[in-house]
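A.B. asks:
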Amino acid sequence: MRQFSTQSRVAAVLAGGAALVAASFLPGQPTESAHSGEEPANTPLPVQVVIAQQVTSFDQTRYYTGALVARRSADVSFERAARVVEMLVDEGDAVTAGQELAKLDVRRLETQQQMLQAQFDAATAQLKELIAGPRIETIAAAKAQVGELDAQLELSRLTHQRTEKLQARSSTSVQSVDNSRLSMAAASARLIQAQQRLNELETGTRPEQIAAQQAMVNQLSAQLADLELDRSDSILTAPFAGRISMRHIDEGTVTAPGQPVVSITESTAIEARIGLPASSIRRLSKDDSVTLQVEDQQFRASFTRVNPAVDLQTRTQIAVFDLSKEDSLKVAAGQTVRISLSEKNAATGYWLPTSALAPAQRGLWSACVVVCTEGTDRIETRPVEVLHTEGERVLVKGTIRNGDRVVAGGVQRIVPGQKVTVAE
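Heads up: take any position in the sequence shown, counting from 1, add 19, and you land on my numbering.
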């Protein structure tokens with residue numbers, strides 16, 4: 020089928036060439052017909068020739084089509100549920116990274132923040148009190164109480180001693196002795212209690228109490244930070260520079276967490292995604308520069324990466340080419356892009372103009388070669404096979420040899436064995 024298609028294209032070119040050659044003949048100019056059976060004319064026919072030079076490979080340009088896509092695109096949404104009070108952008112607007120896009124109602128958050136702030140202030144004040152410990156006045160009062168109870172204990176002890184002496188002389192009752200002894204014991208207990216209280220005040224607050232209060236303060240601080248994060252999330256900002264490709268909601272809508280508000284497409288970083296055969300991708304290296312065709316414009320792009328998966332339908336891999344920032348602003352995501360790649364194919368043959376071929380039998384072609392026989396240049400036909408066509412030339416193989424003089428055109432007006440002369 021490829022040979023038949025090539026033959027048809029070459030035949031069309033040759034037919035046009037034959038018409039031009041026929042029209043250029045002058046009246047009375049000697050011509051010969053391949054079917055007349057007459058002997059070639061004695062007057063040599065001037066012809067133009069090309070020297071056959073063998074090649075072992077040829078470059079073939081192939082075209083592939085893909086699409087332009089934005090390197091980054093995102094559906095931006097809020098992280099909490101609330102009512103939208105303001106939309107700051109619309110479809111098609113250009114935005115910068117960090118620009119405000121929409122706002123939520125934050126009145127409930129402000130009330131919660133005031134309550135938590137009051138609790139935090141109270142816990143912080145109590146922590147400071149525990150760290151500072153008892154006041155000097157409190158410790159002084161405790162010392163005075165210890166001194167007072169020590170004096171009372173000494174008085175009770177002396178009273179008990181006098182009562183025991185009186186009881187020894189039978190001057191008092193046993194009940195009086197017991198009363199004085201118990202009074203002394205009670206005074207001693209009160210003194211011990213006051214002394215312990217003084218020691219506690221002088222030692223200060225226990226570390227465990229300070230640690231517990233510090234944990235309370237930290238908990239309230241974390242709640243305030245979380246609330247502040249909710250307040251900052253109430254303002255939707257652009258994650259990167261680009262354009263608003265779609266606006267999903269309007270003011271007054273109560274959004275759910277994760278519900279898209281706007282869609283952003285990066286406009287300063289456009290890349291081309293083109294499906295290429297694995298053989299073409301293997302010839303590409305990272306950062307290789309290629310030319311991309313977008314409608315009537317051409318842009319330079321660099322090869323960056325390739326998708327390792329092979330499409331089962333097209334048997335191609337997606338190659339990614341990055342455009343510069345300046346060129347990215349001149350195109351739009353979704354446009355069709357085209358790339359041309361030159362591939363080197365191994366084939367041994369000779370390049371000839373299409374006008375040098377004439378149809379032959381069994382799907383082949385023939386070329387006329389000028390050979391010198393006994394000092395005279397004559398025409399000799401050689402069968403050839405077309406390997407590849409490229410514009411106004413073809414790559415052929417066959418019985419042509421390196422250095423042969425092949426007639427470049429007008430092969431319809433010459434016959435094998437005809438005398439010719441090579442024109443300048």
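Glycine is no exception: its CB is placed at the ideal position from the N, C-alpha and C atoms. Small disclaimer: the values here were computed from a predicted structure and weren't measured.
Cα separation between V403 and F340?
C.D. replies: Approximately 42 Å, taken between the alpha carbons.
A.B. asks: Just to confirm the assignment: which complete beta strand (DSSP E) runs, minimum length 3, are found wholly within the stretch 380-422?
C.D. replies: DSSP runs (the beta strand (DSSP E)) wholly in the stretch 380-422: 384-392, 395-409 and 412-417.
A.B. asks: With DSSP run on the structure shown, which of helix, strand or coil describes R225?
C.D. replies: Coil.
A.B. asks: F97 by DSSP, collapsed to three states: which one?
C.D. replies: Here F97 sits in coil by DSSP.
A.B. asks: Note down the Cα distance separating L383 from T287, rounded to an integer number of angstroms.
C.D. replies: Approximately 55 Å, taken between the alpha carbons.
A.B. asks: Alpha carbon to alpha carbon, how far is R357 from Q312?
C.D. replies: If I take the Cα positions, the gap works out to 5 Å.
A.B. asks: Just to confirm, is the Cβ distance from V103 to I263 under 7 Å?
C.D. replies: Contact flag unset, no.
A.B. asks: Applying the criterion that 16 or more other CB atoms from any shown protein chain within 10 Å of the CB defines a buried residue, is L331 buried or exposed?
C.D. replies: L331 should be labelled exposed.
A.B. asks: Taking three-plus beta-carbon pairs below 8 Å as touching, is the stretch 305-324 in contact with the stretch 129-148?
C.D. replies: As far as the Cβ criterion goes, the stretch 305-324 does not touch the stretch 129-148, which means the pair count is below three.
A.B. asks: Going by DSSP, name the residue or residues bridged to N364.
C.D. replies: The partner list for N364 (beta bridge, DSSP) reads F77.
A.B. asks: In terms of residue numbering, what span does the alpha helix (DSSP H) encompassing Q133 cover?
C.D. replies: From DSSP, the alpha helix (DSSP H) with Q133 extends over R126 to A151.
A.B. asks: Using 6 Å as the cut-off, classify the Cβ of C391 as near or not near the heavy atoms of the ligand NAP, replying yes or no.
C.D. replies: Judged by which ligands are present, the structure shown has none, so any question about the ligand NAP falls away.
A.B. asks: Going by the DSSP bridge assignment, what does S359 pair with across the sheet?
C.D. replies: DSSP output for S359 lists Y82 as bridge partner(s).
A.B. asks: So does the stretch 336-352 actually touch the stretch 393-410, counting three or more Cβ pairs closer than 8 Å?
C.D. replies: No contact exists between the stretch 336-352 and the stretch 393-410.
A.B. asks: On a Cα-Cα basis, can you pick out the residue from D197, K147 and I211 that is closest to D169?
C.D. replies: It is I211 whose Cα lies nearest to the Cα of D169.
A.B. asks: For D307, does the three-state DSSP call read helix, strand or coil?
C.D. replies: Coil at D307, not helix or strand.
A.B. asks: Give the DSSP bridge partners of P279, in chain order.
C.D. replies: Per DSSP, S96.
A.B. asks: I need the DSSP call for K184, collapsed to helix, strand or coil.
C.D. replies: Three-state result, K184: helix.
A.B. asks: Can you list, in chain order, the residues of its chain with a C-beta nearer than 8 Å to that of S202? Leave out the 5 residues immediately preceding and following it.
C.D. replies: Once the five neighbours on either side are set aside, the close Cβ partners of S202 are S175, T178 and H179.
A.B. asks: Assuming L149 and Q232 make a contact with CB atoms under 8 Å, what is their CB distance in whole Å?
C.D. replies: With a Cβ gap of about 6 Å, L149 and Q232 count as contacting.
A.B. asks: Relative to the alpha-carbon of G111, which residue among S385, V309 and E285 has its alpha-carbon at the smallest distance?
C.D. replies: Comparing Cα-Cα distances from G111 to each of S385, V309 and E285, the minimum goes to E285.
A.B. asks: Nearest-angstrom Cα distance between E51 and I70?
C.D. replies: With a pLDDT of 39 at E51, under the threshold of 50, the predicted position of this residue should be treated as unreliable, though the coordinate-derived value follows. Cα to Cα, the separation comes out at about 25 Å.
A.B. asks: Look at the alpha carbon of Q431 and the alpha carbon of A377, and state the distance between them as a whole number of angstroms.
C.D. replies: About 7 Å.
A.B. asks: According to DSSP, is K344 helix, strand or coil?
C.D. replies: In this structure, K344 counts as helix in the three-state DSSP scheme.
A.B. asks: For R181 and Q214, what's the separation of their Cα atoms in angstroms?
C.D. replies: So the two alpha carbons sit approximately 27 Å from each other.
A.B. asks: State buried or exposed for T222, treating a residue as buried only when at least 16 other CB atoms are found within 10 Å of its CB.
C.D. replies: Label assigned to T222: exposed.
A.B. asks: Does DSSP put T323 in a helix, a strand or coil?
C.D. replies: In this structure, T323 counts as strand in the three-state DSSP scheme.
A.B. asks: I'd like the span of the alpha helix (DSSP H) that includes S299, first residue to last.
C.D. replies: A297 to R301 is the span of the alpha helix (DSSP H), which, as asked, contains S299.
A.B. asks: In angstroms with no decimal places, state the Cα-to-Cα distance between R81 and T367.
C.D. replies: Between R81 and T367, the C-alpha separation is close to 20 Å.
A.B. asks: For Q312, which residues does DSSP report across the bridge?
C.D. replies: Q317 and R357.
A.B. asks: Residues in its own chain within less than 8 Å of Q317 by CB, not counting five upstream and five downstream?
C.D. replies: Contacts found: T310 and L311.
A.B. asks: By Cβ distance, which residues of its chain are closer than 6 Å to E409, with the 5 residues on each side in sequence left out?
C.D. replies: Excluding residues within five positions, none has a Cβ falling inside 6 Å.
A.B. asks: Around the C-beta of T440, are 16 or more other C-beta atoms found within 10 angstroms, so that it is buried, or is it exposed?
C.D. replies: So T440 ends up on the exposed side.
A.B. asks: Thinking E98 and P276 are a contact (beta carbons under 8 Å), I'd like their distance in whole angstroms, please.
C.D. replies: Indeed they touch by this definition, with Cβ atoms about 6 Å apart.
A.B. asks: Quick test of your reading: T274 and V281, contact by CB under 8 Å. State the CB separation rounded to the nearest angstrom.
C.D. replies: T274 to V281, Cβ: 12 Å. No contact.
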